[in-house]
Amino acid sequence: MTQKLVIIGAGMASGRVIETLVDADPAAFEITLFNAEPRGNYNRIMLSPVLSGEKQYAEIVTHDDAWYAANNVTCRFGEPVIGIDPDSKVVQGKNGPVAYDKLIVATGSAPFIIPVPGKDLPGVITYRDLDDTNAMIEASAKGGKAVVIGGGLLGLEAAAGLAERGMDVTVVHLMGHLMERQLDEAAGYLLRRDLEKRGITIRTQASTKAILGDGKAEAVLLEGDETLPADLVVMAVGIRPEVRLAQEAGLDVARGIAVTAQMQTSNPDIFAVGECIEFDGQLFGLVAPLYDQAKVLAHTLLESPDAFVVRDVATKLKVTGCDLFSAGDFAEGAEREDIVFRDPSRGVYKRLVIEGDKLVGAVMYGDTADGNWFFQLIKDETDIEDMRETLIFGPAFQGGSPSDPLSAVAALPPEAEICGCNGICKSTIVEAIQNGAEDLGAVKATTKASASCGTCTGLVEQLLQVTLGDDFQMPTAQPICGCCDLTHEDLRRLIKSQELKSQEAVWQELGWKSRNGCHVCRPAVNFYLLADWPLEYRDDPQSRFVNERKHANIQKDGTFSVVPRMWGGITNAAELRAIADAADKYNVPTVKVTGGQRIDLLGVKGEDLPYIWSDLNKAGLVSGHAYSKGLRTVKTCVGTDHCRFGTQDSTGLGIKLEQILWGSWTPHKVKLAVSGCPRNCAEATCKDVGIICVDSGFQVGVAGAAGMDVKETERLIDVPTEAEAIEWTVAFIQLYRENAKYLDRPYKWVAKVGLEWVKDVLSDAQERERLVAAFELSQSIYRKDPWAEHAATAKAFQPMADLTLEAAE
Amino acid sequence: MSWIDVGSIEEIPLRGARKVKTALGCVALFRTADAEVFAATDRCPHKGGPLSEGIVHGQSVTCPLHNWIFDLNTGQAQGETATIATFPVRVEAGRILIDGSQLTARSAA
Ligand code: SRM
Ligand SMILES: Cc1cc2nc3c(=O)[nH]c(=O)nc-3n(C[C@H](O)[C@H](O)[C@H](O)COP(=O)(O)OP(=O)(O)OC[C@H]3O[C@@H](n4cnc5c(N)ncnc54)[C@H](O)[C@@H]3O)c2cc1C
Ligand code: SF4
Ligand code: FES
Numbered sequence: 001m002t003q004k005l006v007i008i009g010a011g012m013a014s015g016r017v018i019e020t021l022v023d024a025d026p027a028a029f030e031i032t033l034f035n036a037e038p039r040g041n042y043n044r045i046m047l048s049p050v051l052s053g054e055k056q057y058a059e060i061v062t063h064d065d066a067w068y069a070a071n072n073v074t075c076r077f078g079e080p081v082i083g084i085d086p087d088s089k090v091v092q093g094k095n096g097p098v099a100y101d102k103l104i105v106a107t108g109s110a111p112f113i114i115p116v117p118g119k120d121l122p123g124v125i126t127y128r129d130l131d132d133t134n135a136m137i138e139a140s141a142k143g144g145k146a147v148v149i150g151g152g153l154l155g156l157e158a159a160a161g162l163a164e165r166g167m168d169v170t171v172v173h174l175m176g177h178l179m180e181r182q183l184d185e186a187a188g189y190l191l192r193r194d195l196e197k198r199g200i201t202i203r204t205q206a207s208t209k210a211i212l213g214d215g216k217a218e219a220v221l222l223e224g225d226e227t228l229p230a231d232l233v234v235m236a237v238g239i240r241p242e243v244r245l246a247q248e249a250g251l252d253v254a255r256g257i258a259v260t261a262q263m264q265t266s267n268p269d270i271f272a273v274g275e276c277i278e279f280d281g282q283l284f285g286l287v288a289p290l291y292d293q294a295k296v297l298a299h300t301l302l303e304s305p306d307a308f309v310v311r312d313v314a315t316k317l318k319v320t321g322c323d324l325f326s327a328g329d330f331a332e333g334a335e336r337e338d339i340v341f342r343d344p345s346r347g348v349y350k351r352l353v354i355e356g357d358k359l360v361g362a363v364m365y366g367d368t369a370d371g372n373w374f375f376q377l378i379k380d381e382t383d384i385e386d387m388r389e390t391l392i393f394g395p396a397f398q399g400g401s402p403s404d405p406l407s408a409v410a411a412l413p414p415e416a417e418i419c420g421c422n423g424i425c426k427s428t429i430v431e432a433i434q435n436g437a438e439d440l441g442a443v444k445a446t447t448k449a450s451a452s453c454g455t456c457t458g459l460v461e462q463l464l465q466v467t468l469g470d471d472f473q474m475p476t477a478q479p480i481c482g483c484c485d486l487t488h489e490d491l492r493r494l495i496k497s498q499e500l501k502s503q504e505a506v507w508q509e510l511g512w513k514s515r516n517g518c519h520v521c522r523p524a525v526n527f528y529l530l531a532d533w534p535l536e537y538r539d540d541p542q543s544r545f546v547n548e549r550k551h552a553n554i555q556k557d558g559t560f561s562v563v564p565r566m567w568g569g570i571t572n573a574a575e576l577r578a579i580a581d582a583a584d585k586y587n588v589p590t591v592k593v594t595g596g597q598r599i600d601l602l603g604v605k606g607e608d609l610p611y612i613w614s615d616l617n618k619a620g621l622v623s624g625h626a627y628s629k630g631l632r633t634v635k636t637c638v639g640t641d642h643c644r645f646g647t648q649d650s651t652g653l654g655i656k657l658e659q660i661l662w663g664s665w666t667p668h669k670v671k672l673a674v675s676g677c678p679r680n681c682a683e684a685t686c687k688d689v690g691i692i693c694v695d696s697g698f699q700v701g702v703a704g705a706a707g708m709d710v711k712e713t714e715r716l717i718d719v720p721t722e723a724e725a726i727e728w729t730v731a732f733i734q735l736y737r738e739n740a741k742y743l744d745r746p747y748k749w750v751a752k753v754g755l756e757w758v759k760d761v762l763s764d765a766q767e768r769e770r771l772v773a774a775f776e777l778s779q780s781i782y783r784k785d786p787w788a789e790h791a792a793t794a795k796a797f798q799p800m801a802d803l804t805l806e807a808a809e
Numbered sequence: 810m811s812w813i814d815v816g817s818i819e820e821i822p823l824r825g826a827r828k829v830k831t832a833l834g835c836v837a838l839f840r841t842a843d844a845e846v847f848a849a850t851d852r853c854p855h856k857g858g859p860l861s862e863g864i865v866h867g868q869s870v871t872c873p874l875h876n877w878i879f880d881l882n883t884g885q886a887q888g889e890t891a892t893i894a895t896f897p898v899r900v901e902a903g904r905i906l907i908d909g910s911q912l913t914a915r916s917a918a
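Line order of the protein sequences matches chains P and Y. The first sequence runs 1 to 809 under my numbering. The second sequence runs 810 to 918 under my numbering.
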């Protein structure tokens with residue numbers, strides 16, 4: 001006997017159920033199909049090509065009126081169901097009731113709307129159905145600015161579509177990188193780069209506070225109070241199973257409608273399928289598992305045994321030109337091993353995650369041709385032990401060679417600047433080599449490349465090798481570490497010339513062999529990035545050694561030392577009292593006067609740091625950076641204020657210098673001293689910068705040392721005024737910041753580039769001005785007390801949890 | 810195993826670490842990627858360096874005192890015959906769960 005089957009929702013899941021049913025037994029059911037949307041089933045996932053203009057709606061319809069008619073499906077489209085009565089087995093449509101023998105709930109999901117002020121303004125659109133898509137197409141016809149909230153699959157497809165239609169699009173994403181659920185940071189970086197190339201602005205770690213506007217959306221307000229103008233706001237932050245009907249009908253509902261492996265709900269005559277369900281604690285947001293569910297449900301209704309099993313799914317993004325693939329579990333869990341492959345010249349990144357002898361996850365960008373092969377290995381749990389070495393090269397790999405270490409240089413565009421001093425680009429050098437300049441000396445002579453400060457020598461040599469091949473004998477330069485083939489100098493140069501502004505950019509564009517560097521290269525990369533791009537890149541504490549991350553010096557017993565700044569060595573009774581009080585309050589075992597004219601509190605517990613800082617802050621004391629590769633101390637002598645020999649205000653100049661320079665990060669630590677006369681009581685002649693005051697003005701010396709090496713300063717310049725002494729000092733330190741290798745003190749760096757080169761650069765008044773301005777720009781971000789900032793986050797210094805109180809079962 | 814919720818993954822900085830006090834001494838929780846967490850003893854076998862203060866890179870940590878490098882999967886020190894104890898840990902819906910059976914105080918029996 002024919003049974004009455006009612007289906008709520010004409011979406012992708014129920015569409016597949018009906019197809020399977022009518023294929024197997026067209027007479028088994030008399031079907032009534034409700035849909036809230038005023039149309040039947042279409043291929044929802046193809047809305048993105050419709051949005052971008054690559055397809056028309058008609059092309060994505062899967063079941064048209066003729067199909068429903070031919071299969072005797074009674075369609076009630078544009079009519080939402082408003083209630084289910086399981087006792088009398090009746091469904092309430094908006095236009096009237098229908099009785100059922102069997103009922104399927106296939107209501108899909110509803111877009112999640114973040115509960116911020118302004119969310120209901122006209123001009124705020126979600127992305128779920130054809131009406132949303134048409135609304136976006138219409139809005140984009142007027143041009144203007146669009147803000148898409150959410151950098152996941154849906155948000156990015158919306159962003160790309162709107163950009164394609166000529167809007168100026170910004171994506172606001174809460175997490176650190178795009179599509180964080182499907183991609184790791186490296187692939188997220190490449191995706192971002194490709195989207196940025198299309199003119200889409202990406203804002204990560206950005207949280208939406210409100211949508212502003214008078215009668216319609218006009219701007220998005222971010223946490224931190226920045227506003228982004230917007231004529232259109234698309235909210236694509238996630239979806240929620242549409243469970244309201246099921247809930248009201250008294251069915252078991254957790255996050256989704258609870259079903260068995262046969263798709264049966266807690267009521268034996270009601271079934272559910274698609275995004276609205278929850279099975280085994282899981283929700284579903286991609287079509288592949290929904291199709292499996294649909295098949296199982298059709299079989300259940302036809303009384304042939306079947307059961308749904310959850311399988312891995314792979315993700316792709318439907319944005320032309322952004323080729324990505326992600327499958328399996330690539331992040332969580334212990335006992336895992338990574339295989340990483342990067343080809344900067346092609347913008348390719350691949351990472352495989354292996355557990356034991358099985359592949360468990362794969363993330364790829366740029367070249368995803370092997371994606372399905374890897375996906376199969378994951379699904380089949382194939383033993384990959386024998387192909388481990390070559391696995392990453394894919395199924396086609398038979399004995400080929402891994403990437404060329406020189407590929408990063410080979411991949412540079414012809415106009416990439418190699419020699420910054422003389423503005424020589426790659427093509428000029430390559431041309432010179434092709435015209436017979438076959439060694440470094442000849443290249444220097446013909447092009448001037450590497451003829452000045454010499455830091456690009458390594459790159460020029462690599463160009464010689466790339467151009468001449470085996471004819472050129474590469475001198476052995478030491479790469480930074482095992483993660484790459486570049487020297488520090490090469491890396492610095494490439495960060496500048498390629499405008500690399502994030503760690504991920506460095507890892508990818510320069511072919512790093514590890515996921516995110518190591519303790520040797522990452523602190524260096526972090527410094528180079530912040531020195532060259534002070535506004536675009538922010539210091540990453542996780543790429544710093546403990547002292548600089550904790551803003552205190554770690555001691556051999558794991559406690560810390562705390563050294564507040566004493567500007568120019570000057571203090572007063574109030575400061576000393578605050579230090580004494582802190583020493584009492586935190587049981588500081590040792591209080592010592594340092595060699596740098598200030599006081600060290602040694603033996604403070606890590607947990608106490610934020611509190612002792614906060615106490616010292618209250619007395620006006622700030623961090624002395626006794627731990628940083630940055631400005632340490634400016635020692636002074638008493639000078640004209642008190643000393644009978646003093647010629648200038650050495651104390652005053654020292655304090656001014658310390659106040660200008662404090663907080664800055666430098667390649668290694670930087671110490672200064674100012675002495676009031678050539679008797680030199682402040683020991684200025686063995687400092688990184690040491691100034692000796694004389695009757696006629698100031699003698700500025702640089703590149704001294706008094707640690708592992710002892711070396712007298714060399715005279716940079718004699719100047720008549722204090723202002724000039726400051727200008728030259730700041731310019732010298734900025735030049736050092738821009739050029740030196742990480743962990744070279746100034747005396748080592750000057751020995752490499754030559755004092756003559758330093759003098760040459762600095763004697764150009766315009767260049768001096770630029771250096772001072774660049775330093776100031778960086779200081780606009782870094783000249784602040786890290787103690788005050790950290791004192792506000794005291795919790796982070798405490799253990800996360802205490803299990804000693806927890807009893808074992 | 811008895812899984813204990815010790816906090817949200819967001820409390821550990823990306824490529825950073827936090828510690829948890831246990832009956833066995835401090836245990837360090839390392840977060841290497843958005844949702845990847847490892848647990849190991851916080852004491853370096855060399856001279857007791859606090860590993861939670863080290864630099865986290867790939868799936869390894871470098872001790873802050875003298876730069877020994879430990880693989881967080883196995884606890885093995887690179888180039889040294891030393892290991893650190895590692896402990897089972899899971900991340901579920903953004904919460905970090907650690908296996909308490911080894912780490913909680915034995916009840917006096
Ligand atoms: C506290 C202090 C010793 C003291 O009690 O006086 C000190 C203590 C340390 N010095 Fe120093 N140096 C101190 C003044 C000096 C001086 C004298 C000076 O600044 O006038 C020098 C020689 C001048 C120089 O820097 O060239 C000095 C040359 C070094 C060196 C060798 C640097 C070099 O390039 O050769 C190191 C090692 C390093 O930095 O790599 C070092 C490293 C250290 C470290 C940070 C070792 C470490 O990494 O743990 C010590 C930290 C102890 C702690 O836990 O607090 N310390 N150190 C002095 C702090 C001054 C301040 O107020 O900030
Ligand atoms: C723009 C976009 C791009 C996507 N791209 C991909 C992709 O590339 N790959 C992929 O695998 N997945 C993709 N998806 C996800 C995929 O479309 C969904 O997983 C799938 O459509 C869910 O099917 P469903 O049948 O559960 O729900 P739906 O297809 O949403 O169907 C549910 C239907 O039920 C109706 N309904 C709801 N409540 C009622 C009610 N009370 N009365 C009557 N009718 C009701 C709704 O109007 C809707 O038409 C994309 C989704 C979108 C929006
Ligand atoms: S001289 Fe050596 S032992 Fe003394 S504080 Fe400096 S680094 Fe430490
Ligand atoms: S204490 Fe860890 S390396 Fe020395």
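All C-beta atoms in this analysis are idealised placements derived from N, C-alpha and C, irrespective of residue type, glycine included.
At the level of alpha carbons, what is the spacing between Lys216(P) and Asp120(P)? Counted from its first residue, the first sequence places residue 216(P) at position 216. Counted from its first residue, the first sequence places residue 120(P) at position 120. Between Lys216(P) and Asp120(P), the C-alpha separation is close to 9 Å.
Please go through the segment 850 to 875 of chain Y and give each complete alpha helix (DSSP H) segment of 4 or more residues, from N-terminal end onward. At a cut-off of 4 residues, not a single continuous stretch assigned as alpha helix (DSSP H) sits fully inside the segment 850 to 875 of chain Y.
What do you reckon, are the CB atoms on Ile125(P) and Val233(P) nearer than 9 Å? As a working mapping, residue 125(P) is identified with position 125 in the first sequence. As a working mapping, residue 233(P) is identified with position 233 in the first sequence. A contact, by the Cβ cut-off of 9 Å.
One question on the structure: do Ala106(P) and Val17(P) come within less than 9 Å of each other, judged by their Cβ atoms? Reading the first sequence from its first residue, position 106 is the one you call residue 106(P). Reading the first sequence from its first residue, position 17 is the one you call residue 17(P). One thing to note: Ala106(P) has its Cβ within 9 Å of the Cβ of Val17(P).
Quick check on DSSP: helix, strand or coil for Ser811(Y)? Locating residue 811(Y) in the second sequence gives position 2, where the first residue counts as 1. Annotated three-state conformation of Ser811(Y) is coil, per DSSP.
Just how far apart, CA to CA, sit Leu661(P) and Thr651(P)? In the first sequence, residue 661(P) corresponds to position 661, counting from 1. In the first sequence, residue 651(P) corresponds to position 651, counting from 1. Cα-Cα distance, rounded: 15 Å.
Name, going along the chain, the residues of the segment 536 to 553 of chain P whose beta-carbon falls closer than 9 Å to a beta-carbon of chain Y. Of all residues in the segment 536 to 553 of chain P, Asp540, Pro541, Gln542, Ser543, Arg544, Phe545, Val546, Asn547, Arg549, Lys550 have a Cβ within less than 9 Å of some Cβ in chain Y.
Where are the alpha helix (DSSP H) runs, 4 residues long or more, that stay fully inside the segment 561 to 646 of chain P, in chain order? Runs of the alpha helix (DSSP H) inside the segment 561 to 646 of chain P: 573 to 585, 609 to 618.
Below-9 Å beta-carbon distance, Met175(P) vs any chain Y residue: Position 175 of the first sequence, counted from the first residue, corresponds to residue 175(P). Judged by the 9 Å Cβ criterion, Met175(P) is in contact with chain Y.
Go ahead and pull the three-state DSSP assignment for Ser401(P). Taking the first sequence and counting its residues from 1, one reaches residue 401(P) at position 401. Any reading at Ser401(P) must be qualified, since the residue scores a pLDDT of 42, below 50, and its modelled position is unreliable; no value is offered.
May I ask whether a heavy atom of ligand 4 can be found less than 8 Å away from the beta carbon of Asn876(Y)? On the second sequence, residue 876(Y) is found 67 positions in, with the first residue counted as 1. It does: the Cβ of Asn876(Y) is within 8 Å (strictly closer) of some heavy atom of ligand 4.
Arg76(P) versus Ala36(P) - alpha carbon distance: Counting from one through the first sequence, the residue named residue 76(P) turns up at place 76. Counting from one through the first sequence, the residue named residue 36(P) turns up at place 36. One C-alpha to the other measures close to 9 Å.
Keeping to the same chain, check which residues put their C-beta closer than 6 Å to that of Asp718(P); ignore five residues upstream and five downstream. For the purposes of this step, residue 718(P) is taken as residue 718 along the first sequence, with counting starting at 1. Closer than 6 Å at Cβ, skipping near neighbours: Gln699.
Classify His790(P): buried if its beta carbon has 16 or more other beta carbons within 10 angstroms, exposed otherwise. Taking the first sequence and counting its residues from 1, the one referred to as residue 790(P) is at position 790. Under this definition His790(P) is a buried residue.
Using only the heavy atoms of ligand 4, determine whether one of them is closer than 8 Å to the beta carbon of Cys853(Y). On the second sequence, position 44 is the one that residue 853(Y) refers to. For Cys853(Y), the shortest separation between its Cβ and any heavy atom of ligand 4 lies below 8 Å.
Look up Gln264(P) in the DSSP assignment and say whether it is helix, strand or coil. In the first sequence, residue 264(P) corresponds to position 264, counting from 1. Under the three-state reduction of DSSP, Gln264(P) is assigned to strand.
May I ask you to list the residues that DSSP assigns as paired with Ala282(P)? Counting from 1 along the first sequence, the entry for residue 282(P) is found at position 282. The displayed chain sequence assigns Gln, not Ala, to residue 282(P). Beta-bridge partners assigned by DSSP to Gln282(P): Phe279(P).
So, at 6 Å on beta carbons, what are the nonlocal neighbours of Thr428(P) in its own chain, with the 5 sequence-adjacent residues on each side left out? Indexing the first sequence from 1 puts residue 428(P) at position 428. Cβ neighbours of Thr428(P) beyond the five flanking positions: Thr447.
What residues from chain P crowd round His875(Y), counting only those whose CB sits closer than 9 Å? One-based indexing of the second sequence puts residue 875(Y) at position 66. Against His875(Y), chain P offers no close residue; the least beta-carbon distance is about 10 Å (beta-carbon pairs closer than 9 Å).
Any beta carbon of chain P sitting closer than 9 Å to that of Pro822(Y)? By 1-based counting over the second sequence, the position of residue 822(Y) is 13. Contact of Pro822(Y) with chain P is assigned, a C-beta pair being separated by under 9 Å.
Show which residues of chain Y have a CB atom less than 8 Å away from the CB atom of Asp338(P). For the purposes of this step, residue 338(P) is taken as residue 338 along the first sequence, with counting starting at 1. Annotation: Cβ neighbours of Asp338(P) in chain Y (cutoff 8 Å, chain order): Gly867, Gln868.
Please list the partners that Asn516(P) has in chain Y, where partner means a Cβ-to-Cβ separation under 7 Å. For the purposes of this step, residue 516(P) is taken as residue 516 along the first sequence, with counting starting at 1. Taking a Cβ-Cβ threshold of 7 Å, the residues of chain Y close to Asn516(P) are Arg824, His866, Gly867, in chain order.
Would you check if the segment 548 to 563 of chain P and the segment 754 to 773 of chain P touch, i.e. whether three or more CB-CB distances between them fall below 8 Å? No, the segment 754 to 773 of chain P is not in contact with the segment 548 to 563 of chain P.
Shorter than 9 Å from the beta carbon of Leu912(Y) to some beta carbon of chain P? Translated into the one-based positions of the second sequence, residue 912(Y) becomes position 103. Between Leu912(Y) and chain P, the shortest Cβ-Cβ separation is below 9 Å.
Can you give the Cα-Cα distance for Lys828(Y) and Thr390(P), rounded to whole angstroms? Residue 828(Y) sits at position 19 when you count from the first residue of the second sequence. Residue 390(P) sits at position 390 when you count from the first residue of the first sequence. Those two C-alpha atoms are separated by around 38 Å.
Put Thr62(P) into one of helix, strand or coil per three-state DSSP. What you label residue 62(P) is simply residue 62 of the first sequence in a count that begins at 1. Residue state, collapsed to three classes: coil.
Closer than 7 Å by C-beta to Arg745(P): which residues in its own chain qualify, once you throw out the five before and the five after it? Chain order, please. Position 745 of the first sequence, counted from the start, is the residue given in the question as residue 745(P). His668, Asp688, Ala705, listed in sequence order.
As a quick exercise: from Glu889(Y), Ser811(Y), Ile907(Y), pick the residue whose alpha carbon is nearest that of His855(Y). As a first step, residue 855(Y) is located in the second sequence; it is residue number 46 there, counting from the start. Distance from the Cα of His855(Y) is smallest, within the candidate group Glu889(Y), Ser811(Y), Ile907(Y), for Glu889(Y).
Just list the residues that DSSP pairs Val835(Y) with in beta bridges. Numbered from 1 along the second sequence, position 26 holds the residue referred to as residue 835(Y). As written in the sequence, residue 835(Y) is Cys, which differs from the Val given in the question. Cys835(Y) is bridged to Lys830(Y).
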